[in-house]
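Chain order of the listed sequences is A and B. Mapping of the first sequence onto full-length UniProt numbering: position 158 corresponds to residue 158, and the numbering continues sequentially without gaps. Mapping of the second sequence onto full-length UniProt numbering: position 157 corresponds to residue 157, and the numbering continues sequentially without gaps. I have placed the structure first, in the form of structure tokens, so that the comments after it can refer back to it.
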Amino acid sequence: MEVTKKVAIRTRATETRKTSPRWKKRLPYIIAYGVLGITTLPIILMYLWLLVSSFAKQMKYGFIPVQFTFENWKFLWSNVEQAGTTYPNIWLATWNSFVFSGSLTILEVIIGGMAGYALSRLDFPGRKGLMKITLLLHAFPSVALLIAVFYILNFLGLFDSLWGVVLVKTALQIPMTAWIIKGFFDDVQWDVEWAGLIDGCSRFKVWYTIVIPLIKPGIAAVSIFSFLSGWSEFLLLYSFILSDEHVTLATYLQNLISNPNLIHYGLLSAVSLFYMLPVMILFIFSQKSLMQVSVGGGKRV
Amino acid sequence: MSTLLRKWQLPFLMLGPFIILISLFFFLPVVLITVLAFTGMDSSMQWAFNGLSNFKHFINDPNIWHILRNTFTYVFFTLLINVFFGLVLGILTTYFIQKESVGLLFRTLWMLPRITPPVVYVLLWLWFFDPSQYGVLNSIRALMHLSPVKWLASNPMTAIILANGLIGASYGMIIFSSAIKSIPGDLFQAARVDGASQWAIIKDIIIPAVRWPLMFVTLWQLLSLLTSYEYILLLTKGGPLYSSEVLALYSYHKAFQNFEYGYGSALALVLVVVALIMSAILLKIFGMNKLMGSSRIE
Numbered sequence: 001m002e003v004t005k006k007v008a009i010r011t012r013a014t015e016t017r018k019t020s021p022r023w024k025k026r027l028p029y030i031i032a033y034g035v036l037g038i039t040t041l042p043i044i045l046m047y048l049w050l051l052v053s054s055f056a057k058q059m060k061y062g063f064i065p066v067q068f069t070f071e072n073w074k075f076l077w078s079n080v081e082q083a084g085t086t087y088p089n090i091w092l093a094t095w096n097s098f099v100f101s102g103s104l105t106i107l108e109v110i111i112g113g114m115a116g117y118a119l120s121r122l123d124f125p126g127r128k129g130l131m132k133i134t135l136l137l138h139a140f141p142s143v144a145l146l147i148a149v150f151y152i153l154n155f156l157g158l159f160d161s162l163w164g165v166v167l168v169k170t171a172l173q174i175p176m177t178a179w180i181i182k183g184f185f186d187d188v189q190w191d192v193e194w195a196g197l198i199d200g201c202s203r204f205k206v207w208y209t210i211v212i213p214l215i216k217p218g219i220a221a222v223s224i225f226s227f228l229s230g231w232s233e234f235l236l237l238y239s240f241i242l243s244d245e246h247v248t249l250a251t252y253l254q255n256l257i258s259n260p261n262l263i264h265y266g267l268l269s270a271v272s273l274f275y276m277l278p279v280m281i282l283f284i285f286s287q288k289s290l291m292q293v294s295v296g297g298g299k300r301v
Numbered sequence: 001m002s003t004l005l006r007k008w009q010l011p012f013l014m015l016g017p018f019i020i021l022i023s024l025f026f027f028l029p030v031v032l033i034t035v036l037a038f039t040g041m042d043s044s045m046q047w048a049f050n051g052l053s054n055f056k057h058f059i060n061d062p063n064i065w066h067i068l069r070n071t072f073t074y075v076f077f078t079l080l081i082n083v084f085f086g087l088v089l090g091i092l093t094t095y096f097i098q099k100e101s102v103g104l105l106f107r108t109l110w111m112l113p114r115i116t117p118p119v120v121y122v123l124l125w126l127w128f129f130d131p132s133q134y135g136v137l138n139s140i141r142a143l144m145h146l147s148p149v150k151w152l153a154s155n156p157m158t159a160i161i162l163a164n165g166l167i168g169a170s171y172g173m174i175i176f177s178s179a180i181k182s183i184p185g186d187l188f189q190a191a192r193v194d195g196a197s198q199w200a201i202i203k204d205i206i207i208p209a210v211r212w213p214l215m216f217v218t219l220w221q222l223l224s225l226l227t228s229y230e231y232i233l234l235l236t237k238g239g240p241l242y243s244s245e246v247l248a249l250y251s252y253h254k255a256f257q258n259f260e261y262g263y264g265s266a267l268a269l270v271l272v273v274v275a276l277i278m279s280a281i282l283l284k285i286f287g288m289n290k291l292m293g294s295s296r297i298e
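Below, the structure written as structure tokens:
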């Protein structure tokens, strides 16, 4: 009798001891989810506002849509006119942005691919030194050089030209791109190259017919990253480009935002969404690799 | 002779464009800026050497102490958000959220500001601080029947710190979460079996594991914050007056707004020297090999 009673008490005791820590044990996880949810909410709301506001005629309290409309998207088929000034055509800006980001991508992949291969595989005096310098350049305050770059562009007659800015932007990013591509070349087996060389190819031919196809995923990641960073570029274009015919989407949007006579959030958010579309699409498709590259390579000027 | 030529030919070919580009837009600018810092070049683009007068001007500039204090405040508090909040995000999304897909979702959401073009990102903040009743903060005030406040004019520093902090946090988050992920799982299990509290796990397992990344992120962000000003330029333009102007932006304004290229270069040179010293520290602490590993993507 005594014994069973004791056992019963003991089991009840362990039961209560078990349930209370279990609840307590979950508490940190609940708090963690709570903190994460609350801090992430503003970001979600901001982007939701961007979407909703672009289709809204009027926003109550600034964030509740009153009436839906396509009026804000009119910039797609007619020029924006406000307070007497006509803004350049949006498609011209889009085309310029494409030319800028596209040529940046091509240059970076070609030059970075060649330099990355040389750094990874070729033996030449000064290789180690060049590698160190390349790495140091990435930490270098390129913004501080803007004045000197302005002087050089002016001297070369490339001021106020998209090509000049493409060259500057390529130069700023090429150290990191070369490093990233070098990493991919390092992973390719030497045997593949030996085989090519024994079959009578030159090093150059081996490079572009055998090795390059092997690092296609790396090339793709670098291309996407270069394209996006060109697409988002603002400061260089803003500093070195003056004329309307060379307007890109970034400067187009900035012109709209900074016009004090026109604070029309519907239009601004519609243009922003239009501008962000390629970014979102590329991000969704390549989010994982992009997240890693942008940590390694994201040199914002 | 011919073998030497052959040996040099291929590296020369492959590295040529690379070396031309970085010499033209990195090395040459360093030389130019050093020379320009000792001239009084203005919009007429004349090389008028004036010795140390730019640096004397720098010390006697009535705005300079204010700007240096701004720079310090901006870098310090933004860095605090970047590192501390980045660490919180890293721990929350990798340790507390065991489900990989949920953690990834949150991390992706936090990456949004980083991949958003700066102009669009700043528009979101302008809307947040809008002085009319359409801004977020003011519409909340309107709900409580308070009159709108000109937030950007009254708190420009807070605005630029918040906007920059939010972006930097995702950088720390990614570096820290990959460091936390590389901690062997049985370490956590052993700690739990021994009855360690969550706080003890964070303090004794996670923090020691992210010590090096923590230092790296701090130094790296310090370097970037000191020399970049894109978001400040877009958000407040350093104003009103000089209340949110930092040294890097001041150099930009001097050169591209006032066309004082000489003085702007002198300011830039100061930044370059600071950045070079910090890069040297960075390399010394982390060594070449560690940085070489971090530049890989897989």
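Cβ coordinates follow ideal geometry from the N, Cα and C atoms, glycine included.
Rounded straight-line distance, which links the Cα of residue j to that of residue i
{"i": "L51 (chain A)", "j": "G266 (chain A)", "result": "9 Å"}
{"i": "Y74 (chain B)", "j": "M157 (chain B)", "result": "7 Å"}
{"i": "D244 (chain A)", "j": "Q254 (chain A)", "result": "13 Å"}
{"i": "I115 (chain B)", "j": "F96 (chain B)", "result": "26 Å"}
{"i": "M176 (chain A)", "j": "R127 (chain A)", "result": "16 Å"}
{"i": "F70 (chain A)", "j": "S53 (chain A)", "result": "11 Å"}
{"i": "F100 (chain A)", "j": "F234 (chain A)", "result": "12 Å"}
{"i": "P217 (chain A)", "j": "G196 (chain A)", "result": "21 Å"}
{"i": "L271 (chain B)", "j": "E245 (chain B)", "result": "15 Å"}
{"i": "I180 (chain A)", "j": "G116 (chain A)", "result": "8 Å"}
{"i": "F68 (chain A)", "j": "A56 (chain A)", "result": "4 Å"}
{"i": "P28 (chain A)", "j": "G34 (chain A)", "result": "10 Å"}
{"i": "R69 (chain B)", "j": "K99 (chain B)", "result": "44 Å"}
{"i": "Y134 (chain B)", "j": "H145 (chain B)", "result": "14 Å"}
{"i": "W47 (chain B)", "j": "L89 (chain B)", "result": "51 Å"}
{"i": "S78 (chain A)", "j": "L219 (chain B)", "result": "48 Å"}
{"i": "W8 (chain B)", "j": "F256 (chain B)", "result": "42 Å"}
{"i": "G239 (chain B)", "j": "L136 (chain A)", "result": "33 Å"}
{"i": "R211 (chain B)", "j": "V83 (chain B)", "result": "12 Å"}
{"i": "K205 (chain A)", "j": "S177 (chain B)", "result": "41 Å"}
{"i": "P62 (chain B)", "j": "K56 (chain B)", "result": "12 Å"}
{"i": "L249 (chain A)", "j": "N154 (chain A)", "result": "24 Å"}
Secondary structure of residue i, DSSP reduced to three states
{"i": "I64 (chain A)", "result": "strand"}
{"i": "K56 (chain B)", "result": "helix"}
{"i": "A209 (chain B)", "result": "helix"}
{"i": "Q257 (chain B)", "result": "coil"}
{"i": "T39 (chain B)", "result": "strand"}
Residues near residue i by beta carbon distance below 8 Å, same chain, minus five either side
{"i": "L214 (chain A)", "result": "V188 and V192"}
{"i": "L233 (chain B)", "result": "L249 and Y252"}
{"i": "M46 (chain A)", "result": "none"}
Nearest candidate by alpha-carbon position, reference residue i, set the options
{"i": "L41 (chain A)", "options": "B:T71, B:S244 and B:L105", "result": "B:L105"}
{"i": "V31 (chain B)", "options": "A:I147, A:D199 and A:S232", "result": "A:I147"}
{"i": "L236 (chain A)", "options": "A:S97, A:N72 and A:I263", "result": "A:S97"}
{"i": "V247 (chain A)", "options": "A:G157, A:A93 and A:V35", "result": "A:A93"}
{"i": "Q189 (chain B)", "options": "B:I201, B:N258 and B:K181", "result": "B:I201"}
{"i": "M114 (chain A)", "options": "A:L45, A:F150, A:H264 and A:K182", "result": "A:K182"}
{"i": "K181 (chain B)", "options": "B:P117, B:L219 and B:L87", "result": "B:L87"}
{"i": "I43 (chain A)", "options": "B:V136, B:Y231 and B:V210", "result": "B:V136"}
{"i": "I241 (chain A)", "options": "A:W91, A:G164 and A:K132", "result": "A:G164"}
{"i": "T227 (chain B)", "options": "B:D186, B:L10, B:V274 and B:L52", "result": "B:V274"}
{"i": "A144 (chain A)", "options": "B:Q221, B:I33 and B:L92", "result": "B:I33"}
{"i": "N261 (chain A)", "options": "A:T85, A:I31, A:I38 and A:W23", "result": "A:T85"}
{"i": "F124 (chain A)", "options": "B:S243, B:L13, B:E260 and B:F259", "result": "B:L13"}
{"i": "I133 (chain A)", "options": "B:I285, B:S43 and B:S279", "result": "B:S279"}
{"i": "F283 (chain A)", "options": "B:L24, B:M111 and B:I59", "result": "B:M111"}
{"i": "S225 (chain A)", "options": "A:S272, A:Y208 and A:I174", "result": "Checking the sequence, you will find Phe at residue 225 (chain A) rather than Ser. Ranking the options by Cα distance to F225 (chain A), first place goes to A:I174."}
Residue i Cβ short of 6 Å to the ligand FMN heavy atom set
{"i": "S229 (chain A)", "result": "Ligands displayed in this structure: none; no statement on the ligand FMN is therefore possible."}
Proximal residues to residue i (C-beta, below 7 Å), its chain only, five neighbours per side dropped
{"i": "S103 (chain A)", "result": "V166"}
{"i": "I257 (chain A)", "result": "L268"}
{"i": "V7 (chain A)", "result": "Any reading at V7 (chain A) is ruled out, since the residue's pLDDT is 49, under 50, leaving its predicted position unreliable."}
{"i": "S223 (chain A)", "result": "T105 and V109"}
Same chain, Cβ closer than 6 Å to residue i, five either side skipped, listed in chain order
{"i": "F185 (chain A)", "result": "G116, Y117 and S120"}
{"i": "N164 (chain B)", "result": "T78 and Y231"}
{"i": "N138 (chain B)", "result": "P148"}
Three-pair Cβ contact test at 8 Å for the region 120 to 134 of chain B versus the region 144 to 162 of chain B
Touching, yes, given that three or more Cβ pairs across the two stretches are closer than 8 Å.
Are the region 206 to 214 of chain B and the region 236 to 252 of chain B touching, with three or more C-beta to C-beta distances below 8 Å?
The answer is no - the region 236 to 252 of chain B does not touch the region 206 to 214 of chain B, with fewer than three Cβ pairs under 8 Å.
Contact between the region 265 to 272 of chain B and the region 36 to 54 of chain B (3+ Cβ pairs under 8 Å)
Put simply, the region 265 to 272 of chain B touches the region 36 to 54 of chain B. At least three CB pairs are less than 8 Å apart.
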